[in-house]
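I have placed the structure first, in the form of structure tokens, so that the comments after it can refer back to it.
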Amino acid sequence: MADVTLRAITKSFGDVRIIKGIDLEIADGEFCVFVGPSGCGKSTLLRMIAGLEDITSGSLSIGGREMADVEPAGRGVAMVFQSYALYPHMTVRDNISFGLRMTGHKPADIEARLRRAADMLQLTHLLDRKPSQLSGGQRQRVAIGRAIVREPQVFLFDEPLSNLDAALRVQMRTEIGKLHADLRATMIYVTHDQVEAMTMAGKIVVLNAGAVEQAGSPLELYHRPRNLFVAGFIGSPRMNFVAGTAAPAAHGRIEVVLGDGARVLLDGRGATVTAAQPVTLGIRPEHLTAGGGGLRATVRLAEYLGSETMFYAQLADGSGIAVKADGLAKAAAGSTLDIGINPAACHLFDKDGVAVIHGDLTR
Amino acid sequence: MFPRPIQKSPPWLQLSYKALLPVALVIWLLPLIGIAVTSVRPSSDLAAGNYFGWPSRFAGVENYASVFQNSNIGWYILNSFKVTIPTVIGAVGLSCLTGFALAVYKFRLNLAVFFMFVAGNFVPFQILAIPVRELTLRLGLYDTITGLVLFHAAFQTGFCTLFMRNFIKALPFALIESARVEGVSEWKIFRHIVLPLMRPAIAALSVLIFTFVWNDYFWATIMAQSADVRPVTAGMNELKGQWKVAWELITAASIVAALPPVAMFFLMQKHFIAGLTLGATKG
Ligand SMILES: Nc1ncnc2c1ncn2[C@@H]1O[C@H](COP(=O)(O)OP(=O)(O)OP(=O)(O)O)[C@@H](O)[C@H]1O
Ligand SMILES: [Mg+2]
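Protein chains in written order, with my numbering: chain P, 1 to 363; chain W, 1 to 283.
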């Protein structure tokens with residue numbers, strides 16, 4: 001069993017606290033994705049799990065075993081580095097088998113593992129090449145192969161696909177997904193990429209400035225973001241935020257008056273607000289419609305993507321709003337756009353950015 | 001492309017470039033040419049004051065033969081090898097280890113130790129002459145090959161460490177971390193990952209140290225006395241002659257003595273490979 005448990009983990013570089021107390025449970029066999037803005041500590045956290053970085057305080061256990069004093073080699077983890085880190089003077093074969101050869105595995109065993117990994121990653125015909133003779137995607141597969149042969153309990157990936165082109169990225173994404181299905185190992189995966197996170201993850205952990213903003217399944221994060229940060233971070237294009245004031249209305253409902261005077265009546269779902277409470281209304285572009293009452297805005301830019309049309313418009317009070325409309329919708333820049341709003345899809349955040357109402361359409 | 005290939009510049013520039021380059025080259029090499037020409041001059045030319053003119057006849061064979069007959073130069077060259085080769089191996093080998101330690105490990109006095117290595121290079125070695133002589137005398141190493149090797153190696157290791165440490169620092173650190181996660185011991189990381197990637201640095205440093213130690217005259221005169229120990233630089237003194245300086249023999253001997261470093265350069269040349277770490281990372 002290889003569940004990974006982090007308890008009140010912190011990390012400081014000198015006086016600067018980079019990781020500020022993280023509690024996290026990653027179940028055995030889970031595919032867990034770390035996302036967050038650049039510099040929020042994703043790599044640092046991963047390196048702490050790998051044992052390459054000391055833990056300032058808190059405890060880390062893998063498979064129930066406390067890891068504080070365990071060397072990287074003894075943790076049963078394998079890491080695929082942000083920069084592949086292939087040994088440039090060795091062939092692919094030697095790169096993949098190096099760790100095994102250096103730690104006293106039997107030649108027959110090494111050969112068998114090498115064959116299996118090379119087959120799985122379609123590297124068999126490349127085994128005698130040097131890394132400099134490989135394409136980016138092939139190098140990346142070698143880096144993964146090097147991790148696989150060690151048969152680790154936990155795989156750690158640090159943005160492995162970030163430098164690949166879009167097509168290769170899609171292909172590698174499915175390959176890593178397959179790998180996870182085949183090996184049933186715990187995987188922790190760092191990425192910047194929305195789509196990667198949404199499609200691969202069993203659980204997404206949103207990090208910001210060294211702390212966990214929210215952890216949960218991709219759809220949970222999409223439908224029920226706990227705060228403004230998560231709401232803005234998960235989902236592409238980004239959620240619209242419009243400032244306004246809320247007040248209680250009849251039948252447990254809540255009336256929100258937006259900056260430009262438009263009114264939206266939300267189902268309170270048990271939440272309470274005080275009169276004239278300042279709030280932020282969040283609604284995703286895909287839950288707005290072009291045409292239909294609700295909001296009135298001036299179109300600034302229209303992007304015709306074929307399958308859909310994106311309108312970037314401005315409300316009367318100056319706040320921007322994006323609408324994802326049907327691919328056939330048309331509106332010229334400068335024209336007025338009526339935007340239909342689905343109250344059930346509206347999120348409401350208080351002035352601290354904490355969600356009061358989730359616009360969860362799945363309920 | 002930068003710099004712009006000369007083939008693409010206007011004809012007058014190409015022409016003057018082609019004319020001036022050989023001239024500059026000859027001026028640059030003039031001292032060397034002077035020595036080479038003198039070494040094939042008959043001694044009568046020098047007696048007659050023909051220092052820089054055309055040799056009256058080619059006396060190369062007799063000059064070079066006489067160098068070997070009239071002095072122990074063969075023996076001195078052997079001494080030079082006995083001093084230089086162990087020094088190169090010692091200094092470069094040691095600095096691979098010190099450079100690795102200083103580049104890879106974080107410890108409290110890391111920078112202080114490193115600066116000590118660097119600072120050692122700034123001490124003018126002339127002021128060390130007397131203390132070192134005293135020390136070697138007391139250690140019983142005065143006038144021995146071992147003494148010369150030990151002191152050369154000690155003096156060169158400082159610079160070598162600076163060079164190696166910076167070279168290893170420039171290698172992608174993820175290579176070492178990756179091997180650590182794979183459970184490879186530190187010694188094996190050094191042996192199988194770092195050392196092979198240091199090949200160009202080792203080759204360059206070997207040539208440099210070889211040349212430097214081979215050409216050393218200072219320590220050779222201070223720490224060696226007997227003919228058994230004297231390296232070729234000091235040994236050439238013998239050819240000076242008793243009443244007049246036999247320049248034709250000294251220059252011939254100089255040329256002979258300069259050959260091993262040149263040979264060393266060509267021997268190591270194939271290891272000066274750029275871009276050995278190509279392919280290690282995405283970049
Ligand atoms: N060795 C170090 N010394 C001091 N600060 C460091 C060190 N390593 C990282 N940091 C700091 O820690 C923070 C987190 O770095 P980290 O590399 O974990 O970010 P990241 O989330 O992986 O970013 P990215 O998405 O750009 O890779 C950054 O602000 C960085 O400057
Ligand atoms: Mg990172």
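Ideal Cβ positions, reconstructed from N, Cα and C, are used throughout, including at glycine.
Query: Out of W:GLU182, W:GLU186, W:ASN63 and W:PRO231, which has the shortest C-alpha to C-alpha gap to ALA73 (chain P)?; Result: W:GLU182
Query: Could you name the residues whose beta carbon sits closer than 5 Å to any heavy atom belonging to ligand 1, keeping them in chain order?; Result: P:PHE13, P:ILE18, P:SER38, P:GLY39, P:CYS40, P:GLY41, P:LYS42, P:SER43 and P:THR44
Query: So for CYS40 (chain P), helix, strand or coil by DSSP?; Result: coil
Query: Specify the secondary structure class of HIS347 (chain P) as computed by DSSP and reduced to three states.; Result: strand
Query: May I ask you to list, following chain order, the residues of the stretch 164-195 of chain W that have a beta carbon less than 8 Å from some beta carbon of chain P?; Result: PRO172, ALA174, LEU175, GLU177, SER178, ALA179, ARG180, VAL181, GLU182, GLY183, VAL184, SER185, LYS188, HIS192 and ILE193
Query: Please report whether the beta-carbon of HIS125 (chain P) lies at a distance below 8 Å from any beta-carbon of chain W.; Result: no
Query: Of all the CB atoms in chain W, is at least one closer than 8 Å to the CB of ARG150 (chain P)?; Result: yes
Query: So which residues of chain P does LEU197 (chain W) contact, with C-beta pairs closer than 9 Å?; Result: TYR87, PRO88 and HIS89
Query: Using the beta-carbon of each residue, which ones in chain W are nearer than 8 Å to GLY318 (chain P)?; Result: The premise fails here: GLY318 (chain P) is roughly 42 Å from chain W at the closest Cβ pair, so nothing lies under 8 Å.
Query: Cβ-heavy atom distance between ASP193 (chain P) and ligand 2 below 7 Å?; Result: no
Query: Can you give me the C-alpha to C-alpha distance between PHE122 (chain W) and ALA147 (chain P), rounded to a whole angstrom?; Result: 47 Å
Query: What are the start and end residues of the beta strand (DSSP E) that includes GLN277 (chain P)?; Result: 277-283
Query: Could you tell me whether the Cβ of SER83 (chain P) comes closer than 8 Å to any Cβ of chain W?; Result: yes
Query: Looking only at C-alpha atoms, which of W:CYS96, W:PHE52, W:ILE77 and W:TYR76 sits nearest to ILE200 (chain W)?; Result: Checking the sequence, you will find Pro at residue 200 (chain W) rather than Ile. Selected option, being the one with the closest Cα: W:CYS96.
Query: Assuming ARG129 (chain P) contacts THR91 (chain P) under a Cβ cut-off of 8 Å, what Cβ separation, rounded to an integer in Å, is found between them?; Result: 6 Å
Query: Can you find a C-beta in chain W that's less than 8 Å from the C-beta of PHE155 (chain P)?; Result: no
Query: Give a yes or no on whether the minimum CB-CB distance between MET79 (chain P) and chain W is below 8 Å.; Result: yes
Query: Give the straight-line distance between the Cα atoms of ASP338 (chain P) and LEU265 (chain P), rounded to the nearest whole angstrom.; Result: 17 Å
Query: At a CB-CB cut-off below 7 Å, which residues of chain W make contact with ALA50 (chain P)?; Result: VAL181
Query: Could you tell me whether any non-hydrogen atom of ligand 2 is closer than 7 Å to the CB of VAL190 (chain P)?; Result: yes
Query: Which residues in the same chain have their Cβ closer than 6 Å to the Cβ of GLU186 (chain W), if we skip the five residues on either side of it in sequence?; Result: none
Query: Kindly list, in the order they appear in chain W, the residues whose Cβ is closer than 8 Å to that of THR103 (chain P).; Result: GLU182, GLY183 and VAL184
Query: When the distance is taken between beta carbons, is LEU30 (chain W) closer than 8 Å to GLU248 (chain W)?; Result: no
Query: Distance, Cα to Cα, LYS20 (chain P) vs GLY137 (chain P)?; Result: 35 Å
Query: By the DSSP assignment, the alpha helix (DSSP H) with SER119 (chain P) in it spans what residues?; Result: Note on residue identity: the sequence assigns Asp, not Ser, to residue 119 (chain P). Here the alpha helix (DSSP H) through ASP119 (chain P) covers 107-120.
Query: Quick check: does the Cβ of GLN277 (chain P) come within less than 7 Å of any heavy atom belonging to ligand 2?; Result: no
Query: Would the C-beta of GLN82 (chain P) count as close to ligand 2, meaning under 7 Å from any of its heavy atoms?; Result: yes
Query: Give a yes or no on whether 8 Å exceeds the smallest Cβ distance from PRO107 (chain P) to chain W.; Result: no
Query: The alpha helix (DSSP H) spanning VAL235 (chain W) covers which residue range?; Result: Here residue 235 (chain W) is Gly; the residue named in the question, Val, does not match the sequence. It spans 232-235 - the alpha helix (DSSP H) in which GLY235 (chain W) sits, taken as one unbroken run.
Query: For GLU159 (chain P), is the beta carbon positioned less than 7 Å from some heavy atom of ligand 2?; Result: yes
Query: Reducing DSSP to helix, strand and coil, say where GLN269 (chain W) ends up.; Result: helix
Query: Output the distance between the C-alpha atoms of PRO23 (chain P) and ILE9 (chain P), rounded to the nearest integer angstrom.; Result: Note that residue 23 (chain P) is Asp in the sequence shown here, rather than Pro. In a straight line, the C-alpha of ASP23 (chain P) is about 7 Å away from that of ILE9 (chain P).
Query: Could you name the residues that DSSP lists as bridge partners for ASN110 (chain W)?; Result: Answer by DSSP bridge pairing: none, since ASN110 (chain W) is not bridged.
Query: For PRO55 (chain W), collect the residues of the same chain with a Cβ closer than 8 Å to its Cβ; drop the 5 residues on either side in sequence, then sort them by chain order.; Result: VAL37, VAL40, ARG41, PRO42 and ASP45
Query: With C-beta atoms as the reference, is ILE341 (chain P) less than 8 Å away from GLY270 (chain P)?; Result: no
Query: Starting from the Cα of MET172 (chain P), find the closest Cα among P:GLY202, P:LEU121 and P:GLY210 and give me that residue.; Result: P:LEU121
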